[in-house]
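Shown next, in structure tokens, is the structure this report addresses.
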Amino acid sequence: MNGLLLPFTFPVMADAALIAVIVAIPAALLSCFLVLKGWALMGDGISHAVLPGIVLAYAMGLPLLVGAFAAGMICALSAGWLDENSRIKPDTALGVVMAGMFAFGLILFTLFPPGVHLDHILFGNILGIGPQDFAQALPIAIAVTGALILKWRDFALLAFDPVQARVSGLRVGWLHYGMLAMIAASVVAMLSAVGIILAVGLLIAPGAIAFLLTRRLALMMGLATAIAVASSLAGIWASFWLDSAPAPTIIVILTGVFILAFTWRQIAPRH
Numbered sequence: 000m001n002g003l004l005l006p007f008t009f010p011v012m013a014d015a016a017l018i019a020v021i022v023a024i025p026a027a028l029l030s031c032f033l034v035l036k037g038w039a040l041m042g043d044g045i046s047h048a049v050l051p052g053i054v055l056a057y058a059m060g061l062p063l064l065v066g067a068f069a070a071g072m073i074c075a076l077s078a079g080w081l082d083e084n085s086r087i088k089p090d091t092a093l094g095v096v097m098a099g100m101f102a103f104g105l106i107l108f109t110l111f112p113p114g115v116h117l118d119h120i121l122f123g124n125i126l127g128i129g130p131q132d133f134a135q136a137l138p139i140a141i142a143v144t145g146a147l148i149l150k151w152r153d154f155a156l157l158a159f160d161p162v163q164a165r166v167s168g169l170r171v172g173w174l175h176y177g178m179l180a181m182i183a184a185s186v187v188a189m190l191s192a193v194g195i196i197l198a199v200g201l202l203i204a205p206g207a208i209a210f211l212l213t214r215r216l217a218l219m220m221g222l223a224t225a226i227a228v229a230s231s232l233a234g235i236w237a238s239f240w241l242d243s244a245p246a247p248t249i250i251v252i253l254t255g256v257f258i259l260a261f262t263w264r265q266i267a268p269r270h
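Read in order, the letters of the sequence shown correspond to residues 0 to 270 in numbering that gives the first Met the number 0.
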């Protein structure tokens, strides 16, 4: 048992495991609603679109968190406006906005290189986590998790039947933009842990896996959270023995779990 837990006896690995669990919980809960609403690309788009906000915040002397959150919201709101005011489909609008903002961010990065290496922004630096990263991620994780647990029925009705949600008296606009804000905030919380590119894995895979295993939303949320936490810990543990990068290892494990769940779903009905 001591040998099994050896990786977590090192402070660096223990901190990596802790921050991974912190960001995995809200991301897993959000992933359930993103999968149900067909918003999987939204998490991908926002995670890429935060780059120009990070660079501009650094150039202006502002906290990187502020710039990343602002850029994420601009991406989400711009895609929503294009969807409502043009014939462009939602995924196309988001793809255009995301690609443009990410490319703009890369240009800004060459003009105003921030004090953070680009690899750390794109792929995370989970083994270099500091107190400031916990101070940023923990409040966001608590706020997003609390909001989703308290209002999960409202978000569920909005995901399944927006018209009925409006007729029922729910503030659809507040719920819609609240969800976008939580996606942007969660991406910001995951920046230091898994980076921009791999954040999308945590925002999609847990919900997709849980959706294959159950049709009850409450159980789906619980399963997604357990899968995300277990995969995060397993990824940190495996990266120690494989001498691999922890964040990609976590996503590879999540992908493997998805393949197993999909295979089981295909075989189970035959019995």
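From the three backbone atoms N, C-alpha and C, an ideal C-beta is built for every residue, glycine too. Because the structure is a prediction, the values reported are computed rather than measured.
Contact set for residue i: own chain, Cβ-Cβ below 7 Å, skip 5 residues either direction
| i | result |
| --- | --- |
| A16 | F7, L232 and I235 |
| T144 | I24, P25 and L28 |
| Q163 | L156 |
| F133 | I18 |
Among the options, nearest to residue i - alpha-carbon criterion
| i | options | result |
| --- | --- | --- |
| L110 | M100, M178, L241 and A58 | A58 |
| N124 | G177, P130 and V193 | V193 |
| A158 | K36, I106 and A146 | K36 |
| V186 | L156, I53, L61 and D153 | I53 |
| A19 | R170, C31 and L197 | L197 |
| L212 | F257, L61 and M100 | F257 |
| F101 | W151, S46, V162 and A146 | S46 |
| W151 | F239, L105 and M178 | M178 |
| G94 | L105, L81 and A217 | L81 |
| F9 | F239, R264, W38 and S243 | F239 |
| G104 | I195, I128 and Q131 | I195 |
| R264 | A237, R214 and G129 | R214 |
| D14 | I128, L5, I87 and F154 | I128 |
| L5 | Q131, A260, L149 and A237 | A237 |
| G42 | L190, F261 and G168 | L190 |
| L149 | I73, G255 and A217 | A217 |
Cβ-based neighbour list, residue i, same chain, cut-off 6 Å, excluding 5 preceding and 5 following
| i | result |
| --- | --- |
| V34 | G206, A207 and F210 |
| I252 | S230, A233 and G234 |
| V65 | A56 |
Sub-9 Å separation of residue i and residue j beta-carbons
| i | j | result |
| --- | --- | --- |
| A78 | A92 | yes |
| A56 | G71 | no |
| A75 | I182 | yes |
| A180 | A136 | no |
| L174 | V11 | no |
| I21 | A140 | yes |
| A184 | A142 | yes |
| G172 | V96 | no |
| F122 | A267 | no |
| M220 | L147 | yes |
Cβ neighbours of residue i in the same chain (closer than 8 Å, five flanking residues each side left out)
| i | result |
| --- | --- |
| I250 | V193, L197, G200, L201, A204 and G234 |
| L241 | T248 |
| D90 | L40 |
| P62 | A56 |
| V228 | V20, A23, I24 and A27 |
| A223 | A27, L28, S30, C31, P205, G206, I208 and A209 |
| T254 | G200 and A204 |
| I87 | L81 and V95 |
| F154 | F32, L147, L174 and M178 |
| A246 | F122, G123, I125, A192, V193, G194, L197 and G234 |
Any C-beta of chain D under 9 Å from that of residue i
| i | result |
| --- | --- |
| S231 | Absent here is chain D; the protein component of the structure consists of one chain. |
ask   = What are the uninterrupted segments assigned as alpha helix (DSSP H) that are 4 or more residues long and contained completely in the stretch 129-212, given in chain order?
value = Counting only runs of 4+ residues, the alpha helix (DSSP H) found wholly inside the stretch 129-212 occupies 130-149, 151-159, 161-166 and 171-212, in chain order.
Length at least 4, wholly inside the stretch 76-116: the alpha helix (DSSP H) runs in chain order = 89-110
message = At 4 residues or longer, what runs of the alpha helix (DSSP H) sit wholly inside the stretch 18-58?
response = 39-58
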